[in-house]
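To start, the structure under review is shown below, and the notes come after it.
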Amino acid sequence: MTVSFFLVSNMNDRFNTPWRRMSTAIYTAPSDGKVFGTMEVDITAAERYIQEQRTKGSHITITHVVVAAIARAIALDAPEINGFVRRGNVIPRDYVDVSVAVNIKTGLEMAYMVVRNADRKTVHEIGEEIRTKSAAQRQRERGKTMSSKNLLASIPWPFRRLLFRLIRWIVNELGIELKSFGLADRTFGSILVTNIGSHGLTTAYPALFPAAKLPAVVAMGKIEEKPVVRDGEIVIRSILPLSGTFDHRIVDGNQVSKVARGIIARLALPDELETAPSDLI
Numbered sequence: 005m006t007v008s009f010f011l012v013s014n015m016n017d018r019f020n021t022p023w024r025r026m027s028t029a030i031y032t033a034p035s036d037g038k039v040f041g042t043m044e045v046d047i048t049a050a051e052r053y054i055q056e057q058r059t060k061g062s063h064i065t066i067t068h069v070v071v072a073a074i075a076r077a078i079a080l081d082a083p084e085i086n087g088f089v090r091r092g093n094v095i096p097r098d099y100v101d102v103s104v105a106v107n108i109k110t111g112l113e114m115a116y117m118v119v120r121n122a123d124r125k126t127v128h129e130i131g132e133e134i135r136t137k138s139a140a141q142r143q144r145e146r147g148k149t150m151s152s153k154n155l156l157a158s159i160p161w162p163f164r165r166l167l168f169r170l171i172r173w174i175v176n177e178l179g180i181e182l183k184s185f186g187l188a189d190r191t192f193g194s195i196l197v198t199n200i201g202s203h204g205l206t207t208a209y210p211a212l213f214p215a216a217k218l219p220a221v222v223a224m225g226k227i228e229e230k231p232v233v234r235d236g237e238i239v240i241r242s243i244l245p246l247s248g249t250f251d252h253r254i255v256d257g258n259q260v261s262k263v264a265r266g267i268i269a270r271l272a273l274p275d276e277l278e279t280a281p282s283d284l285i
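Be aware that the sequence shown starts at 5, since it is given in my numbering, and climbs by one per residue.
The structure is reproduced here in structure tokens:
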């Protein structure tokens, strides 16, 4: 028991730096301490890879490739952002699950599905899982299956807000699972990715849903061809804008830059995403 407590304490100390301990007192859940960032990524190699895979009969999209790149960047380059705040401490996650926003109701509403252990899966496995779970989401919506969202929406105001805050406190602060609402530590995953480019948008900073305990939300913008300089020459490249909203209690500029570099490197070498990494802790 003593050894186990010592190991947990050491792990928590590594995650709970002095700044993080201070920030959990300074900021409330992410309505206050938010950081925003945008970058443009050259995905010419990724688009070429996607076309090659489609000629082989594999329906891979840029969303699948980006999800794979983000998951590995978190796991391998900045694992310290993979956590959530509970009672003033950052609690590390031992998995990297990626939530992906999908359209339902003919684009009138968004839902999400979660790719479990996305860092350990190939881009093909991620693509198949997203397609399967997205189809299931739409099928449930067509069948008008009652969900926790529908249940909460049916409660009159102001009782709806009071119930939501009570549920959030029970799940987030006490760490108690509410299976009837489908809420637990892994419900929303480690990070959320949404493709706003499918709606014709270039840049957006999505909200951090307080109940989700996510350190970041990343929005994929509309892909455009742009002139860039490569080896001293102006060439045309496919450019993907990526925008992010980050919980500053967990994420700072240094960590954002590590994730960004990891994403850029993996999108430049998409073939490597065909193989699941074997050197993860």
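Even for Gly, the Cβ is constructed at its ideal location relative to N, Cα and C. From a predicted model like this one, the values you see are computed outputs, not experimental measurements.
Ordered along the chain, which non-local residues of its own chain (more than five positions away) have a Cβ less than 7 Å from that of residue i?
{"i": "PRO96", "result": "MET15, PHE19, ASN86, GLY87"}
{"i": "GLN141", "result": "VAL106, ILE108, ALA115, MET117"}
{"i": "PRO162", "result": "none"}
{"i": "THR207", "result": "THR42, GLY225, PRO245, SER247"}
Whole angstroms are fine: how far does the CA of residue j sit from the CA of residue i?
{"i": "PHE250", "j": "ASP235", "result": "34 Å"}
{"i": "LEU271", "j": "ARG265", "result": "10 Å"}
{"i": "LEU205", "j": "VAL69", "result": "19 Å"}
{"i": "VAL127", "j": "THR21", "result": "34 Å"}
{"i": "ARG135", "j": "SER62", "result": "12 Å"}
{"i": "GLU237", "j": "PHE192", "result": "44 Å"}
{"i": "VAL101", "j": "ALA122", "result": "The question names Val, but residue 101 is Asp in the sequence shown. Using only the alpha carbons, I get a separation of about 6 Å."}
{"i": "GLY179", "j": "GLU278", "result": "36 Å"}
{"i": "THR48", "j": "ARG190", "result": "34 Å"}
{"i": "LYS183", "j": "ARG172", "result": "13 Å"}
{"i": "LEU218", "j": "GLY248", "result": "12 Å"}
{"i": "ARG253", "j": "ALA216", "result": "15 Å"}
{"i": "GLU228", "j": "MET43", "result": "14 Å"}
{"i": "LEU80", "j": "VAL255", "result": "16 Å"}
{"i": "ARG169", "j": "ALA75", "result": "30 Å"}
{"i": "TYR269", "j": "ALA77", "result": "Here residue 269 turns out to be Ala, not Tyr, going by the sequence shown. ALA269 and ALA77: Cα-Cα distance of roughly 9 Å."}
{"i": "GLY92", "j": "GLY257", "result": "21 Å"}
{"i": "GLN55", "j": "GLU276", "result": "16 Å"}
{"i": "VAL89", "j": "PHE213", "result": "13 Å"}
{"i": "TYR53", "j": "TYR209", "result": "28 Å"}
{"i": "ARG165", "j": "GLN143", "result": "29 Å"}
{"i": "VAL239", "j": "ARG120", "result": "38 Å"}
{"i": "SER261", "j": "LYS226", "result": "22 Å"}
If I measure Cβ to Cβ from residue i and keep anything under 6 Å in the same chain, skipping five residues before and after, which residues do I get?
{"i": "GLN259", "result": "ALA82, ILE85"}
{"i": "VAL232", "result": "ARG241"}
{"i": "SER103", "result": "TYR116, VAL118, PHE192, GLY193, LEU196"}
{"i": "VAL39", "result": "PHE250, HIS252"}
{"i": "LYS230", "result": "ILE243"}
Using DSSP bridges, identify the partner residues of residue i.
{"i": "PHE250", "result": "VAL39, ALA220"}
{"i": "PRO245", "result": "GLU44"}
{"i": "VAL104", "result": "MET117, VAL197"}
{"i": "GLY87", "result": "PRO96"}
{"i": "ILE238", "result": "VAL233"}
Take residue i as the anchor and find which of the options has the nearest alpha-carbon.
{"i": "ALA211", "options": "ALA280, ALA139, VAL197", "result": "VAL197"}
{"i": "ASN107", "options": "LEU170, SER138, ALA77, ARG90", "result": "SER138"}
{"i": "ALA50", "options": "GLY257, GLU278, PRO274, TRP173", "result": "PRO274"}
{"i": "ILE64", "options": "VAL39, ASP46, GLU133, ARG120", "result": "GLU133"}
{"i": "GLY131", "options": "VAL222, GLN57, VAL45, GLY257", "result": "GLN57"}
{"i": "ALA280", "options": "TYR53, GLU129, LYS38", "result": "GLU129"}
{"i": "VAL263", "options": "GLY37, ARG52, ALA73, GLN55", "result": "ALA73"}
{"i": "VAL1", "options": "SER261, ILE267, GLU177", "result": "Residue numbering for the chain in the displayed model covers 5 to 285; residue 1 lies beyond these limits and cannot be assessed."}
{"i": "GLY41", "options": "VAL222, VAL239, LYS226", "result": "VAL222"}
{"i": "GLY37", "options": "LYS226, SER261, ILE267, ALA220", "result": "ALA220"}
Between which two residues does the beta strand (DSSP E) holding residue i run?
{"i": "LYS230", "result": "228-234"}
Going by beta carbon distance, what residues of the same chain come within less than 8 Å of residue i, once the five residues before and after it are set aside?
{"i": "MET224", "result": "ILE66, THR67, VAL70, VAL197, THR198, ASN199, ILE200, GLY201, LEU244, PRO245, LEU246"}
{"i": "LEU187", "result": "SER152, ILE171, VAL175, GLU181, ALA215"}
{"i": "ASP98", "result": "none"}
{"i": "ILE267", "result": "VAL45, VAL70, ALA73, ILE74, ALA77, LEU246"}
Along the alpha helix (DSSP H) that carries residue i, what are the first and last residues, could you check?
{"i": "THR4", "result": "Beyond the ends of the chain as shown, which are 5 and 285, falls residue 4; an answer cannot be given."}
{"i": "LYS183", "result": "Unbroken run through LYS183: none, as it is neither H nor E."}
{"i": "VAL260", "result": "257-272"}
{"i": "LEU205", "result": "Where LEU205 is concerned, there is no enclosing alpha helix (DSSP H), given that its DSSP letter is neither H nor E."}
{"i": "PHE163", "result": "163-172"}
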